[in-house]
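Read the structure below first, then the notes.
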Amino acid sequence: KACEAAEYIKKMHPMWQEPLEMPGGERQSPIDISLRKSVFDPNLKPFVTQYDPRTCQQIWNNGYSFLVEYDDTTDKSTLRGGPLEDKFRLCQFHFHWGENNTWGSEHTVDRHLYPAELHLVHWNADKYALFEEAIMEENGLAVIGVFLKVGKRHEGLQKLVDALPAVRHKDSVVEFTKFDPSCLLPESMNEYWTYAGSLTTPPLTEAVTWIIMKQAIEVSHEQLAVFRSLLFTSAEEEVQKSMVNNFRVQQPLKGRTVRSSFS
Ligand SMILES: CC[C@H](C)CCC(=O)Nc1ccc(S(N)(=O)=O)cc1
Ligand SMILES: [Zn+2]
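My numbering numbers the first residue of the sequence shown as 98 and each following residue consecutively.
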């Protein structure tokens with residue numbers, strides 16, 4: 098499934114014909130998380146998120162996904178603990194999804210594909226002054242990945258879904274405030290996998306400590322359908338391309354270990 102999808106996507110969408118492999122990449126993302134190969138680490142602590150909805154600023158369609166962007170000039174929305182030594186600031190969250198409910202996530206668990214995946218992107222504010230700096234450093238970023246599965250309607254997500262038609266085209270931005278992203282986190286925050294990886298879109302830098310939550314969140318079929326109504330293309334382009342299958346093909350593990358916070 099995933100490899101067929103990958104071939105199909107390379108053919109169908111120019112975005113993914115760029116050099117997909119970071120030359121010499123030793124720790125690229127996304128990957129398949131093999132349950133039997135992951136190693137329980139009892140020293141992994143629960144991690145702590147403190148998000149202030151007042152730091153939520155706007156939604157931006159950047160032609161890859163739609164980003165909900167936060168003011169990261171202060172320590173108001175932070176992530177710490179878990180596998181992390183430092184304090185990380187939330188700068189944005191976004192999603193990856195498929196053209197149908199069969200595939201769409203970037204990571205998989207024992208090859209199980211989810212219809213979508215949320216990424217909450219944070220950068221190391223103890224060591225760097227700006228996101229743009231941190232993105233180039235191996236301990237610069239921490240991204241929380243949350244799988245989405247089709248089920249009951251997600252009330253917290255609906256406010257975001259209702260704003261999407263305003264950013265239908267690439268490069269459109271709309272003001273979006275007072276959104277608390279913790280409503281998108283699963284109940285059990287102490288069950289996750291973590292590994293050293295990379296950004297999954299250019300610049301593909303190997304700067305990310307990935308934290309993938311074990312428990313998926315439920316969203317409705319209709320809510321996912323609104324994600325698919327977005328466009329990769331800007332309003333000026335004559336041929337409109339619907340924004341679907343915006344996930345990267347899986348990358349080799351290259352000897353890395355995936356640790357789990359639960360046995
Ligand atoms: C200088 C480059 C520019 C600023 C980069 C902007 C950015 O945020 N990139 C980004 C963030 C997260 C992911 S993911 N999908 O979570 O691995 C992929 C790409
Ligand atoms: Zn992402």
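Yeah, the Cβ is synthetic: ideal placement off N, Cα and C, and Gly gets one too.
Check: What are the boundary residues of the alpha helix (DSSP H) that His-318 is part of?
Finding: 318-324
Checklist line | Top-ranked residue by Cα proximity to Lys-311, from Pro-300, Trp-290, Val-323 and His-318 | finding: Trp-290
Next item on the list: Please determine if the stretch 240-258 and the stretch 302-319 are in contact, where contact requires at least 3 C-beta pairs separated by less than 8 Å.
Entry: yes
Margin query: Just to confirm, is the Cβ distance from Phe-185 to Asn-221 under 8 Å?
Written below: yes
Item checked: Neighbourhood of Ala-293 by C-beta distance below 8 Å, restricted to the same chain and skipping five residues each side -> Arg-124, Glu-235, Glu-303, Val-305, Thr-306, Trp-307 and Arg-353
Check: Under the rule that 16 or more other beta-carbon atoms within 10 Å means buried, what is Lys-249, buried or exposed?
Finding: Exposed, because fewer than 16 other Cβ atoms sit within 10 Å of the Cβ of Lys-249.
Margin query: Taking 6 Å as the limit, name every residue whose beta carbon sits nearer than that to some heavy atom of ligand 2, in sequence order.
Written below: Taking each Cβ in turn, the ones that pass are His-191, His-193, His-216 and Thr-297.
Next item on the list: Return the chain-ordered list of same chain residues with a C-beta closer than 7 Å to the C-beta of Pro-150, the five sequence neighbours on each side being excluded.
Entry: Lys-275, Phe-276 and Asp-277
Item checked: For Ile-128, the nearest candidate out of Ser-360, Arg-356 and Leu-350 (CA to CA) -> Leu-350
Item checked: Boundaries (first-last residue) of the alpha helix (DSSP H) holding Ala-231 -> 228-231
Notebook entry, point to check: Per DSSP, Arg-356 is paired with what?
Noted result: Val-136 and Thr-291
Next item on the list: Report whether the distance from the Cβ of Val-218 to the nearest heavy atom of ligand 1 is below 7 Å.
Entry: Val-218: yes, Cβ under 7 Å from ligand 1.
Check: Where do the ends of the alpha helix (DSSP H) carrying Gln-125 lie?
Finding: It is not in any alpha helix (DSSP H) - Gln-125 carries neither H nor E in the DSSP assignment.
Note to self: I'd like the list of long-range same chain contacts for Val-258, defined as Cβ closer than 7 Å, with 5 residues on each side in sequence excluded.
What the structure shows: Excluding sequence neighbours, Val-258 sits near Gln-320 and Val-323.
Notebook entry, point to check: Is the CB-CB distance between Ser-295 and Tyr-148 below 8 Å?
Noted result: no
Note to self: Could you pull the DSSP bridge partners for Ala-263 from this structure?
What the structure shows: Ala-263 pairs with nothing; no bridge assigned.
Checklist line | beta strand (DSSP E) runs wholly inside the stretch 184-265, at least 3 long, in chain order | finding: 185-194, 213-221 and 238-247
Notebook entry, point to check: Are three or more beta carbon pairs between the stretch 201-214 and the stretch 166-183 nearer than 8 Å?
Noted result: No: the two stretches stay apart, fewer than three of their Cβ pairs being nearer than 8 Å.
Notebook entry, point to check: Quick one, are the C-beta atoms of Val-341 and Ile-156 less than 8 Å apart?
Noted result: no
Check: Can you tell me whether Asn-140 is buried or exposed, with buried defined as 16 or more other CB within 10 angstroms of its CB?
Finding: exposed
Next item on the list: Might you give, ordered along the chain, the residues of its own chain that have their beta carbon closer than 8 Å to the beta carbon of Ser-131, omitting 5 neighbours on each side?
Entry: Hits under 8 Å: Asp-207 and Val-355.
Notebook entry, point to check: If we ignore side chains and look at the alpha-carbon of each, how far apart do Ser-317 and Glu-252 end up?
Noted result: One C-alpha to the other measures close to 10 Å.
Next item on the list: Please list, in chain order, all residues of the same chain as Gln-154 whose beta carbon is under 6 Å from its beta carbon, the five residues on each side excluded.
Entry: Counting only Cβ-Cβ distances below 6 Å, and skipping sequence neighbours, we find Glu-166 and Asp-168.
Check: Which of the three DSSP states, helix, strand or coil, is assigned to Leu-350?
Finding: coil
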